[in-house]
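Under the numbering used here, think of the first position of the sequence shown as 234, with each following residue one higher.
Glycine included, each C-beta is placed from N, C-alpha and C at the ideal position.
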Amino acid sequence: MSAVTKYHVLFYGTSNGYQGNRAQIALYNGSTVLGYVRFHDAGMPFPNDSQSGRLITMHLPSAMFENVIDMLRNESPINYYFASGQAFLGTGSTEPVGEGE
Numbered sequence: 234m235s236a237v238t239k240y241h242v243l244f245y246g247t248s249n250g251y252q253g254n255r256a257q258i259a260l261y262n263g264s265t266v267l268g269y270v271r272f273h274d275a276g277m278p279f280p281n282d283s284q285s286g287r288l289i290t291m292h293l294p295s296a297m298f299e300n301v302i303d304m305l306r307n308e309s310p311i312n313y314y315f316a317s318g319q320a321f322l323g324t325g326s327t328e329p330v331g332e333g334e
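This is the structure in structure tokens:
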């Protein structure tokens with residue numbers, strides 16, 4: 234399980250996006266790339282999540298982009314990991330109810 238400390242966002246134009254992706258968020262721990270969250274519009278190919286060496290690639294619908302950015306901007310710690318053939322991105326600890334973030 235790796236802690237996410239930085240991120241970088243790319244959006245892709247044209248009707249097909251880039252390599253079947255509409256947008257991508259690269260996730261980092263310091264200067265080390267942990268992997269990518271790739272977003273796909275309805276009708277675009279939707280690959281399975283994968284891990285190649287240490288790099289994890291998660292695939293989500295474009296409708297989830299805002300939720301992922303919101304978590305990256307407002308939550309800490311955030312962890313990124315791969316288990317049981319699936320990528321996971323989430324808060325690293327429990328949070329109190331009504332925190333107001």
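Notebook entry, point to check: What residues in its chain sit with their C-beta under 8 angstroms from that of VAL340, if we drop five residues either side in the sequence?
Noted result: With the chain covering 234 to 334 only, the question about residue 340 has no answer from this structure.
Checklist line | Local Cβ density within 10 Å of PHE244, reported as buried at 16 or more and exposed below that | finding: For PHE244, the number of other beta carbons within 10 angstroms of its own is below 16, and it is reported as exposed.
Margin query: So, at 6 angstroms on beta carbons, what are the nonlocal neighbours of GLU308 in its own chain, with the 5 sequence-adjacent residues on each side left out?
Written below: Setting aside the 5 residues that flank it on each side, GLU308 is surrounded in the same chain by THR324, each with a C-beta closer than 6 angstroms to its C-beta; the list follows chain order.
Margin query: Taking its Cβ as the centre, do 16 or more other Cβ atoms sit within 10 Å of VAL301, making it buried, or is it exposed?
Written below: Under this definition VAL301 is a buried residue.
Checklist line | Assigned secondary structure, ASN281 (DSSP; H/G/I helix, E/B strand, else coil) | finding: Three-state DSSP puts ASN281 in coil, outside helix and strand.
Checklist line | Assigned exposure category for ALA320 - 16 Cβ within 10 Å defines buried | finding: The residue in question, ALA320, is buried, as its Cβ has 16 or more Cβ neighbours within 10 Å.
Check: Per DSSP, THR265 forms a beta bridge with which residues?
Finding: DSSP lists ASN262 as the bridge partner or partners of THR265.
Checklist line | Alpha-carbon to alpha-carbon, PRO280 and THR247 | finding: So the two alpha carbons sit approximately 20 angstroms from each other.
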